[in-house]
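*Asks:* If you count the sequence shown from 1, position 75 lands on 74 in numbering that gives the first Met the number 0, and the numbers rise without skipping.
Quick reminder that beta carbons are idealized off the backbone N, C-alpha and C, glycines included.
From a predicted model like this one, the values you see are computed outputs, not experimental measurements.
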Amino acid sequence: MQQRHKLLADMSPLALVLDQGGHSTRAMVFDENGALVAQASIPVNTVIKQAGWIEQDAVELVASLQSVLLQVADQLGRRCSDVQSAALIVQRSSLVAWDKLSHTILSPVLSWQDTRNSEWLEKILTDNRDSIRQSTGLYPNAHYGASKIRWLLDHLPAVNSAAEKRSLCIAPLASFLHQQLTGVSEPVVDAVIASRTMLTDIAATSWSTALLDLFGIPAAILPEIKPSLANYGVIRLGDCHVPLRLLGGDQSFFAMSHGDMFNSDAVFINAGTGAFIQQKTQPALVPDKLLCSALCVVENNSGAIIVAEGTVNAAATALDWLWKRIGFVFSAEDWNLAIGQAVSEPASVPYFINRITASGSPDWLPAGESCFSMDSSSALQAVAVLESIVFALQRNLDCLAVVQPCKKIIVSGGLSTLGIFCQRISDLAEKPVWRSDDVEACARGAAMQLLPKTAGQQKYHHYMPQVNLHLKQRYTQWSTAMDQLARPV
Numbered sequence: 000m001q002q003r004h005k006l007l008a009d010m011s012p013l014a015l016v017l018d019q020g021g022h023s024t025r026a027m028v029f030d031e032n033g034a035l036v037a038q039a040s041i042p043v044n045t046v047i048k049q050a051g052w053i054e055q056d057a058v059e060l061v062a063s064l065q066s067v068l069l070q071v072a073d074q075l076g077r078r079c080s081d082v083q084s085a086a087l088i089v090q091r092s093s094l095v096a097w098d099k100l101s102h103t104i105l106s107p108v109l110s111w112q113d114t115r116n117s118e119w120l121e122k123i124l125t126d127n128r129d130s131i132r133q134s135t136g137l138y139p140n141a142h143y144g145a146s147k148i149r150w151l152l153d154h155l156p157a158v159n160s161a162a163e164k165r166s167l168c169i170a171p172l173a174s175f176l177h178q179q180l181t182g183v184s185e186p187v188v189d190a191v192i193a194s195r196t197m198l199t200d201i202a203a204t205s206w207s208t209a210l211l212d213l214f215g216i217p218a219a220i221l222p223e224i225k226p227s228l229a230n231y232g233v234i235r236l237g238d239c240h241v242p243l244r245l246l247g248g249d250q251s252f253f254a255m256s257h258g259d260m261f262n263s264d265a266v267f268i269n270a271g272t273g274a275f276i277q278q279k280t281q282p283a284l285v286p287d288k289l290l291c292s293a294l295c296v297v298e299n300n301s302g303a304i305i306v307a308e309g310t311v312n313a314a315a316t317a318l319d320w321l322w323k324r325i326g327f328v329f330s331a332e333d334w335n336l337a338i339g340q341a342v343s344e345p346a347s348v349p350y351f352i353n354r355i356t357a358s359g360s361p362d363w364l365p366a367g368e369s370c371f372s373m374d375s376s377s378a379l380q381a382v383a384v385l386e387s388i389v390f391a392l393q394r395n396l397d398c399l400a401v402v403q404p405c406k407k408i409i410v411s412g413g414l415s416t417l418g419i420f421c422q423r424i425s426d427l428a429e430k431p432v433w434r435s436d437d438v439e440a441c442a443r444g445a446a447m448q449l450l451p452k453t454a455g456q457q458k459y460h461h462y463m464p465q466v467n468l469h470l471k472q473r474y475t476q477w478s479t480a481m482d483q484l485a486r487p488v
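(1) Thinking C-alpha only, which one of 235, 251, 313 and 296 is nearest residue 271?
(2) Can you tell me where the alpha helix (DSSP H) holding residue 168 begins and where it ends?
(3) Just grab the DSSP bridge partners of residue 269 for me.
(4) Cα-Cα, which of 473, 409 and 471 is closest to residue 462?
(5) Among the residues of its own chain, which have a CB less than 7 Å from the CB of residue 228, if the five just before and after it don't count?
(6) Which full runs of the alpha helix (DSSP H) of 4+ residues lie inside the stretch 111-193, going along the chain?
(7) So residue 315 and residue 392 are in contact, right, with Cβ under 8 Å, and what is the actual spacing, rounded?
(8) Starting from residue 323, follow the alpha helix (DSSP H) in both directions and report where the run begins and ends.
(9) Check whether the Cβ atoms of residue 479 and residue 403 sit closer than 8 Å, and answer yes or no.
(10) Measure the CB-CB distance between residue 94 and residue 35 and report whether it falls below 8 Å.
(11) Is DSSP giving residue 257 helix, strand or coil here?
(12) May I have the straight-line CA-CA distance separating residue 202 from residue 68, to the nearest angstrom?
(13) Is there contact here, the stretch 117-131 with the stretch 79-93, by at least three beta-carbon pairs under 8 Å?
(14) What do you reckon, are the CB atoms on residue 191 and residue 293 nearer than 8 Å?
(15) Opposite residue 371 in the DSSP bridges: which residues?
(16) Quick check on DSSP: helix, strand or coil for residue 329?
(17) Does the distance from the CB of residue 61 to the CB of residue 179 come in under 8 Å?
(18) For a test of the three-state rule: what should DSSP assign to residue 479, helix, strand or coil?
(19) Buried or exposed: residue 99, going by 16 or more other Cβ atoms within 10 Å of its Cβ?
(20) Report yes or no: is there a C-beta of chain C within less than 8 Å of the C-beta of residue 430?
(21) Using 8 Å as the cut-off, can you tell me whether the stretch 462-474 makes contact with the stretch 416-433, which would need three or more C-beta pairs spanning the two stretches below that distance?
(22) I'd like the list of long-range same chain contacts for residue 264, defined as Cβ closer than 8 Å, with 5 residues on each side in sequence excluded.
(23) Mind pulling the beta strand (DSSP E) runs of 3 or more residues that sit fully within the stretch 424-456?
(24) To the nearest angstrom, report how far apart residue 275 and residue 268 are at their CA atoms.
(25) Taking only heavy atoms of the ligand FAD into account, decide whether any of them is closer than 7 Å to the Cβ of residue 458.
(26) With DSSP run on the structure shown, which of helix, strand or coil describes residue 68?
(27) If we count Cβ pairs, one from each stretch, closer than 8 Å, do we get three or more for the stretch 141-157 versus the stretch 21-32?
(28) For residue 241, which of helix, strand or coil comes out of DSSP?
(29) Between the Cα of residue 374 and the Cα atoms of 381, 427, 40 and 349, which residue gives the shortest distance?
(30) Starting from the Cα of residue 398, find the closest Cα among 318, 55, 307 and 104 and give me that residue.
(31) Which one of 164, 459 and 108 has the shortest CA to CA distance from residue 509?
(32) Rounded to whole angstroms, what is the Cα-Cα separation between residue 303 and residue 295?
(33) Kindly give me the distance between the Cβ atoms of residue 387 and residue 353, rounded to whole angstroms, as I take these residues to be in contact under 8 Å.
(34) Under DSSP, the alpha helix (DSSP H) around residue 394 begins and ends at which residues?
(35) Taking the alpha-carbon of residue 92 as reference, which of 197, 381 and 475 has the nearest alpha-carbon?
(36) Within 10 angstroms of its Cβ, does residue 222 collect 16 or more other Cβ (buried), or is it exposed?
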């Protein structure tokens with residue numbers, strides 16, 4: 000009898016999630032009870048060429064996906080045939096150009112953090128900011144695809160040559176990776192990722208003629224838009240062909256991974272390469288400086304899930320910047336020593352103005368020089384950089400609280416494994432913080448769209464707010480400095 004139960008368990012349906020992010024590419028296979036039965040990860044590079052110019056290598060990203068697929072196929076063995084469906088989730092605003100007939104890559108991947116064409120965009124926005132905001136739900140800025148597409152058209156001869164041959168495609172990275180993995184002849188993209196180009200109305204499954212005309216972008220170079228859940232072809236996994244049923248943004252699913260807790264009473268933060276903050280709400284309640292984002296678009300645009308969303312563009316990226324600056328990466332012991340020094344010498348802790356990339360919401364400052372408010376040790380600089388991420392999140396929480404106060408904050412992602420990070424969020428917001436032990440919240444949320452039971456029983460560590468007057472003083476000082484930077488000249 001016990002052997003029979005094991006055989007039945009081994010035949011249970013599985014879901015594969017491919018997650019291509021800024022720091023790594025991951026493959027995870029979930030069973031219907033939410034358990035991870037196979038996983039693989041490989042680091043990928045992001046290059047900051049200069050302020051606002053942030054790139055990745057498309058060849059490296061494709062190779063990383065193929066590598067993790069081989070690794071999980073080897074782990075699964077004969078169970079590859081139990082994988083019923085797959086999802087591909089990708090950074091939403093990264094963009095690349097390629098020849099859709101030969102599949103030749105024509106540009107670097109312009110990262111979601113890249114804002115190189117911001118000056119050009121500002122001229123367009125002078126008379127059009129409010130109308131773009133109303134139709135797209137985005138706070139118009141150069142992170143989104145429209146200005147990146149225009150830059151590639153205006154600066155790369157290979158791109159223009161392909162356009163003349165009518166074989167050019169400039170599209171979100173997800174569209175390129177999808178075509179590479181499935182071999183489909185015509186590029187496609189899902190409606191959520193398409194919306195991050197600033198070329199569609201909220202949750203629309205077609206390109207906006209008015210927005211294309213405004214930015215001077217021909218519809219012929221863009222992929223077809225499909226709902227998030229659709230028939231996206233097949234992915235090879237070992238000797239099996241797995242239907243790809245979901246294409247979407249990597250940050251579109253982390254809040255959904257928490258099941259019934261995904262409601263307006265909670266704010267959700269996912270902190271990795273960047274940090275993203277979401278709260279389920281009605282479009283009319285989204286604060287002006289935040290984003291009105293669709294997370295998942297279904298057939299015929301019925302029942303799209305909408306959140307108010309904020310972004311902190313350099314989260315783990317900011318710590319990477321510091322590790323490069325000081326020449327080593329902090330261990331757990333280093334963090335403990337840094338926390339101890341911050342507690343014993345609170346007046347010596349600087350605040351950090353983080354402009355490694357453009358700041359994100361709600362200030363939307365362009366990339367620029369990052370600096371500490373005063374000289375300090377490497378330990379206190381690490382505390383300051385981490386607190387700058389907390390401060391930027393609180394800036395977004397302050398916006399949300401005006402229209403829809405929350406009762407708790409749920410945190411996930413790689414940075415959430417640092418207790419100092421979660422405790423400072425709780426102390427500053429004066430709200431309980433629940434840290435999910437599942438650092439793959441985005442992937443789990445995507446898997447739940449394929450196998451609804453994969454939420455499983457997540458475990459949470461709770462942080463209760465403590466009185467931290469020095470932290471609040473630094474936040475006030477940091478906020479004053481940000482206000483001065485954001486003030487029009």
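*Replies:* From the atom records:
(1) Residue 313 is the option with its Cα nearest to residue 271.
(2) For residue 168, no alpha helix (DSSP H) run applies; the uninterrupted beta strand (DSSP E) run containing it begins and ends at 167-171, by DSSP.
(3) DSSP lists 275 and 411 as partners of residue 269.
(4) Minimum Cα distance to residue 462 is reached at 409.
(5) Around residue 228, the same chain offers 244, 245, 297 and 448 as residues with beta carbons nearer than 7 Å, after the five sequence neighbours per side are excluded.
(6) Entirely contained in the stretch 111-193, the alpha helix (DSSP H) runs reaching 4 residues are, in chain order, 117-124, 128-135, 144-154, 156-163 and 172-181.
(7) A Cβ-Cβ separation of about 14 Å leaves residue 315 out of contact with residue 392 under the 8 Å criterion.
(8) Looking at the DSSP string, the run of the alpha helix (DSSP H) that includes residue 323 is 315-325.
(9) At a Cβ-Cβ threshold of 8 Å, residue 479 and residue 403 do not count as neighbours.
(10) No, they are not a contact pair.
(11) Helix, per DSSP.
(12) If I take the Cα positions, the gap works out to 30 Å.
(13) By the Cβ rule, the stretch 117-131 does not count as touching the stretch 79-93, because fewer than three pairs are nearer than 8 Å.
(14) A contact, by the Cβ cut-off of 8 Å.
(15) Under DSSP, residue 371 shares a beta bridge with 351.
(16) Three-state result, residue 329: coil.
(17) Yes, the Cβ-Cβ distance between residue 61 and residue 179 is below 8 Å.
(18) Annotated three-state conformation of residue 479 is helix, per DSSP.
(19) Taking a 10 Å sphere around the C-beta of residue 99, we find 16 or more other C-beta atoms and assign the residue as buried.
(20) Looking at the structure shown, chain C is missing, and only one protein chain is on hand.
(21) They touch, by the three-pair rule.
(22) Hits under 8 Å: 405, 406 and 407.
(23) Look at the stretch 424-456 and you find these whole runs of beta strand (DSSP E), each 3 residues long or longer: 432-435.
(24) Residue 275 and residue 268: Cα-Cα distance of roughly 6 Å.
(25) In the structure on display, the ligand FAD does not appear, and there are no ligands present to speak of.
(26) Correct three-state label for residue 68: helix.
(27) No contact exists between the stretch 141-157 and the stretch 21-32.
(28) When secondary structure is reduced to three states using DSSP, residue 241 falls in the strand class.
(29) For the residues 381, 427, 40 and 349, the minimum Cα distance to residue 374 belongs to 349.
(30) Closest option to residue 398, judged by alpha-carbon separation, among 318, 55, 307 and 104: 307.
(31) Because the chain here runs from 0 to 488, residue 509 falls outside it and cannot be looked at.
(32) Going from the Cα of residue 303 to the Cα of residue 295 covers about 6 Å.
(33) Their Cβ separation, rounded to whole angstroms, is 4 Å, which keeps residue 387 and residue 353 in contact under 8 Å.
(34) According to the DSSP assignment, residue 394 belongs to the alpha helix (DSSP H) that extends over 377-402.
(35) Here the closest residue by C-alpha is 197.
(36) That one is buried.
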